[in-house]
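Engineer:
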Amino acid sequence: MKCPACAKSITSPKACPFCGYIFTEGEAGKLDFYFDIKGNFKNLLDANNYIGESIERLDKKLNKFGEAIALELERGYRPQKEKPAATAEPPTVPHAVKQEPKPQRQPSRQDMEIRLGQKWLLIVGIMAIVFGVAYFLKYSFERGWVGPEGRVAASYAAGIAMMAFGDIFRKKGYKVYGLYLFGGGIAVSYFAAFAAFQLYHLFGAPASFAIMVMITILASTMSIVYDTKWLAVLAMVGGFLTPFLLYEGKGNHVALFSYITLLNLGLLWVAFYKQWNLLNILGFIFTYLVFTMWFDRGYTNETFWAGIIFVNVFFLIYSVIPFVYSIFHEEKNKVKGFHLTVPNAFIAFGYSYYMIKAYGAGEWTSVITLLYSAVFLGMASYLYKRGKSGESAFVLLIAEAAFFLAVTVPILFSGHWITIFWAAQAVAYLWISVKLARKSMLYGAFIVLGLSIFKFLFNDYPHVFRVDIDRLSILHGYNNMLGERWVTSVFLLAGIYAFASMLRKNAESPPLNALPKYVLKGMYVLFGCLLFIVLNVETGAFFYTYLRAAQFAAISVLWAIFSVSLMLVGFIKSITPARNTAFVLFGITAIKVFLFDMSKFSTPYRIFSFTVFGLILVGTSFAYHKYKDRIFAAIAVKGGDTNAPGDGPPESPGSGVTP
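Per our numbering, residue 7 is the first one in the sequence shown, and the count goes up by one each step.
1) Look at residue 277 and residue 330 and say whether their C-beta atoms are less than 7 Å apart.
2) How is residue 6 classed by DSSP in three states: helix, strand or coil?
3) Can you tell me where the alpha helix (DSSP H) holding residue 535 begins and where it ends?
4) Could you tell me the distance, in whole angstroms, from the CA atom of residue 360 to the CA atom of residue 575?
5) Compute the Euclidean distance between the alpha carbons of residue 682 and residue 300, then round it to the nearest angstrom.
6) Would you call residue 311 buried or exposed, if buried means 16 or more other Cβ atoms sit within 10 Å of its Cβ?
7) Counting only the same chain and skipping the five closest in sequence on each side, list residues whose C-beta sits under 7 Å from that of residue 560.
8) Enumerate in chain order the residues of its own chain whose CB-to-CB distance from residue 272 is below 6 Å, with the five nearest sequence positions on each side excluded.
9) Take every Cβ of the segment 233-240, pair it with every Cβ of the segment 200-208, and state whether three or more of those distances are shorter than 8 Å.
10) Is residue 19 closer than 7 Å to residue 34 when the C-beta atoms are compared?
11) By the 10 Å Cβ neighbour count, where 16 or more other Cβ atoms means buried, how is residue 104 classified, buried or exposed?
12) What did DSSP end up calling residue 581 once you bin it into helix, strand or coil?
13) Could you tell me which residues DSSP puts in a beta bridge with residue 473?
14) Can you have a look at residue 422 and say buried or exposed, based on whether 16 or more other CB atoms are within 10 angstroms of its CB?
15) Distance check for residue 485 and residue 551, CA to CA, integer angstroms please.
16) Taking the beta carbon of residue 441 as the centre, do at least 16 other beta carbons fall within 10 Å, making it buried, or is it exposed?
17) Kindly indicate which residue of 313, 187, 13 has the alpha-carbon position closest to the one of residue 238.
18) Using the Cα positions of residue 534 and residue 437, report the straight-line distance between them to the nearest angstrom.
19) Name the residue from 398, 497, 450, 444 whose alpha carbon lies nearest to the alpha carbon of residue 432.
20) Starting from residue 515, trace the alpha helix (DSSP H) in both directions and tell me its first and last residue.
21) Would you mind giving the Cβ-Cβ distance between residue 425 and residue 532, rounded to the nearest angstrom? I have them listed as a contact below 8 Å.
22) Give me the residue from 547, 537, 540, 320 with the minimum Cα distance to residue 349.
23) Quick one: measure Cβ to Cβ for residue 389 and residue 400, integer angstroms, because I've assumed they're closer than 8 Å.
24) I need the straight-line Cα distance from residue 591 to residue 581, nearest angstrom please.
25) Taking all protein chains shown into account, decide if residue 476 is buried (16 or more other Cβ within 10 angstroms of its Cβ) or exposed.
26) Beta-carbon separation of residue 522 and residue 443 under 7 Å?
27) What residue range is occupied by the uninterrupted alpha helix (DSSP H) comprising residue 375?
28) Please name the residue, chosen from 264, 15, 435, that lies closest to residue 25 on a Cα-to-Cα basis.
29) Thinking C-alpha only, which one of 362, 264, 246, 167 is nearest residue 214?
30) Under 7 Å, do residue 245 and residue 196 count as touching if we go by C-beta distance?
31) Hey, would you say residue 492 sits closer than 7 Å to residue 457, going by beta carbons?
32) Just to confirm before moving on: does the CB-CB distance between residue 323 and residue 269 stay below 7 Å?
33) Mind checking residue 593: buried by the 16 CB within 10 Å criterion, or exposed?
34) Grab the span of the alpha helix (DSSP H) containing residue 23 for me, first residue to last.
35) Given this structure, state the Cα-to-Cα distance separating residue 373 from residue 283, to the nearest angstrom.
36) Taking its Cβ as the centre, do 16 or more other Cβ atoms sit within 10 Å of residue 228, making it buried, or is it exposed?
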């Protein structure tokens, strides 16, 4: 046996003593075994005992084995960049020799040819057999060659034979070949079962579907036992192709969708053991493809109940499939499979909405949206109880539940009730974002709150409550929808204030700590602005209905009172922006009183407007005299000017400006 590098005889199983070529771990093991037996044989031969001849024969065989090793070494020879110095003695410690990894052999044309011959020819061949069986059934039915019983029996026999031979080949070591044969047998069995029921009516619905259930269970079980995804894929594709290949232009849609449901239940059962996302995606595509084709060609109001039930059964199955695996297998943050729930929910809801609305009861769509919300919320609740609230799957489920709950409100309710529920949902989403530290829920909270405010101002006021903003009046008088208008206004304002308070109290907690400071302050400003609008509408509408001449004088007084309220809040809470805003509003009110009220109103209302406004200004001025030290102290604490001017020394030592 010669070294592949220097062609000199190998005397050591570790490295060549002449050129220093190092053998790989596998090569060294074989050489060590060879030299050990070779030495034993030499000792036995030297002893010249009675088994010498037998040993010589074994020695010849061993020499052939050595030649095979030498050929393998020559084929796997790779030049080494640095060769160690030649030594007379090979290394004595086997693991002391640093082994270089053997480079991966690039696939050759022969490899591609083998793969093509072993795999793809097999796949195409099995597909051809399956299609041949299908068209045999169809053609024999048209020609009347073989009776229905014979056709079905022949199909079952072909399927069973393919499965039996597939299992035999798998046990013999031809795993791929056997598995593909077995999968083809499953597909043929599906064809036979469907034909026996739908074409030839050999069995009733219970017996036929029992057979299909058994085939589905068999295919699903063997895919798990064999641990091969492609067997399940082949079985599923064959099952879904069955109704297409044997379709005769008419059929029972209930039987069709029951059959599709059985296939999907098989996928659901597989999901308990394997997370084969490809299988789930293909099943999802085929299921809704079949439903879409039926919906396009055969849906009418007479088939409403079958359509609405089955499309939501499909929704439940493909919502639960990605969830099932996460229950029985502890895998962190696996959201990939859950992404299927998003298109599943929207497609099912789209069909449900169209069918229910066409049936004549659109508000009943809220039952569907509540069902979807309950399903997603239930799954999210289960993940939360198992300590998986930080996972992306949990957040995705919560977001889907929140979306369909938000959609439920405009479907189930109308008008101002939508605004009330959206405001409450915004606060709930903000609370969830704080508890789970999720930005997605935070953004959702802002969006829903913005929608509720926009709807209140631009839809509820003009179209629901019939408010005329230009004249600050209400059609049919102030009492028109008075209770609904007040409840909506109070709930929306309370929601905004609760939203702002929650932002302030949790400003240092994620994800709120990432918000700019002006957002936190802006929420209170938003509350104040909306409160100002509501008070103006209510005051203006009241006086327009009962004392129209005093309407704008009353609004001037309202502005002044609102300014005083802002000023008091600024004093009590030491909020400089509130006091500054009050000053601005005082100025606007003064302009309105002196320029507008003086020219438009009669003398009694001028007296009322000027007197009240003047008293408010005088009272506010007194407040500044009385609480000037508190204002200076607050400014000093915030880093303002501690030497602000005043009217004199403080009344007591404790009331002075604190440095």
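Cβ atoms here follow ideal geometry from the backbone N, Cα and C, with glycine treated the same way.
Quantities reported herein were computed from a predicted structural model and do not represent experimental measurements.
Structural biologist: So, from the listed chains and residues:
1) Along the sequence shown, one-based indexing puts residue 277 at 271. Along the sequence shown, one-based indexing puts residue 330 at 324. Closer than 7 Å, so yes.
2) Only positions 7 to 665 of the chain appear in this structure, which leaves residue 6 out of reach.
3) Counting from one through the sequence shown, the residue named residue 535 turns up at place 529. Counting along the chain, the alpha helix (DSSP H) containing residue 535 begins and ends at 523-552.
4) Numbered from its first residue, the sequence shown carries residue 360 at position 354. Numbered from its first residue, the sequence shown carries residue 575 at position 569. Approximately 53 Å between the Cα atoms of the pair.
5) Summary: the structure shown does not reach residue 682, with the chain confined to residues 7 through 665, and so no result is reported for it.
6) Residue numbering aside, residue 311 sits at position 305 when the sequence shown is read from its first letter. It is exposed - the Cβ of residue 311 has fewer than 16 other Cβ atoms within 10 Å.
7) On the sequence shown, residue 560 is found 554 positions in, with the first residue counted as 1. Cβ neighbours of residue 560 beyond the five flanking positions: 545, 549.
8) Reading the sequence shown from its first residue, position 266 is the one you call residue 272. Excluding positions up to five away in sequence, the list reads 222, 226.
9) no
10) In the sequence shown, the residue the question calls residue 34 occupies position 28. In the sequence shown, the residue the question calls residue 19 occupies position 13. For residue 34 and residue 19, yes; Cβs fall inside 7 Å.
11) Start at 1 with the first residue of the sequence shown, and residue 104 comes out as number 98. With a pLDDT of 44 at residue 104, under the threshold of 50, the predicted position of this residue should be treated as unreliable, though the coordinate-derived value follows. Looking at its Cβ environment, which holds fewer than 16 other Cβ atoms inside 10 Å, residue 104 is exposed.
12) Start at 1 with the first residue of the sequence shown, and residue 581 comes out as number 575. Coil at residue 581, not helix or strand.
13) What you label residue 473 is simply residue 467 of the sequence shown in a count that begins at 1. Residue 473 is bridged to 480.
14) Here residue 422 refers to the residue found at position 416 when the sequence shown is read from its first residue. Answer is buried; the Cβ neighbour count reaches 16.
15) As a working note, residue 551 is residue 545 in the sequence shown. As a working note, residue 485 is residue 479 in the sequence shown. When rounded, the distance between both Cα atoms is 9 Å.
16) Locating residue 441 in the sequence shown gives position 435, counting from the first residue. Exposed: under 16 other Cβ atoms inside 10 Å.
17) Looking up residue 238 in the sequence shown gives position 232. Comparing Cα positions, the closest option is 187.
18) As a working mapping, residue 534 is identified with position 528 in the sequence shown. As a working mapping, residue 437 is identified with position 431 in the sequence shown. Each residue's Cα considered, the two are about 22 Å apart.
19) To locate residue 432, count along the sequence shown from 1; it is residue 426. If we check each option's Cα against that of residue 432, 450 comes out closest.
20) Against the sequence shown, residue 515 aligns to sequence position 509. Looking at the DSSP string, residue 515 is not in any alpha helix (DSSP H), and its letter there is neither H nor E.
21) Along the sequence shown, one-based indexing puts residue 425 at 419. Along the sequence shown, one-based indexing puts residue 532 at 526. About 15 Å; that fails the 8 Å criterion.
22) As a working note, residue 349 is residue 343 in the sequence shown. Nearest option by C-alpha distance: 320.
23) As a working note, residue 389 is residue 383 in the sequence shown. As a working note, residue 400 is residue 394 in the sequence shown. About 5 Å separates the two Cβ atoms, so the contact holds.
24) In the sequence shown, the residue the question calls residue 591 occupies position 585. In the sequence shown, the residue the question calls residue 581 occupies position 575. Roughly 16 Å between the two C-alpha positions.
25) Within the sequence shown, numbered from 1, the residue matching residue 476 stands at position 470. It counts as exposed.
26) What you label residue 522 is simply residue 516 of the sequence shown in a count that begins at 1. What you label residue 443 is simply residue 437 of the sequence shown in a count that begins at 1. In this structure, residue 443 does not lie closer than 7 Å to residue 522 by Cβ.
27) Locating residue 375 in the sequence shown gives position 369, counting from the first residue. Element bounds for residue 375: 371-391.
28) The residue you call residue 25 lines up with position 19 of the sequence shown. The option with the nearest alpha carbon to residue 25 is 15.
29) Within the sequence shown, the letter at position 208 stands for residue 214. Measuring from the Cα of residue 214, the nearest candidate turns out to be 264.
30) For this step, residue 245 is matched to residue 239 along the sequence shown. For this step, residue 196 is matched to residue 190 along the sequence shown. In contact: residue 245 and residue 196 (Cβ atoms closer than 7 Å).
31) Position 486 of the sequence shown, counted from the start, is the residue given in the question as residue 492. Position 451 of the sequence shown, counted from the start, is the residue given in the question as residue 457. Contact flag unset, no.
32) Here residue 323 refers to the residue found at position 317 of the sequence shown. Here residue 269 refers to the residue found at position 263 of the sequence shown. Cβ atoms of residue 323 and residue 269: not closer than 7 Å.
33) By 1-based counting over the sequence shown, the position of residue 593 is 587. It counts as exposed.
34) To locate residue 23, count along the sequence shown from 1; it is residue 17. First-last for residue 23: undefined, no H or E at that position.
35) Working through the sequence shown from its first residue, we reach residue 373 at position 367. Working through the sequence shown from its first residue, we reach residue 283 at position 277. The alpha-carbon atoms of residue 373 and residue 283 are separated by roughly 30 Å.
36) Numbered from 1 along the sequence shown, position 222 holds the residue referred to as residue 228. Counting Cβ neighbours within 10 Å, residue 228 comes out buried, since at least 16 surround it.
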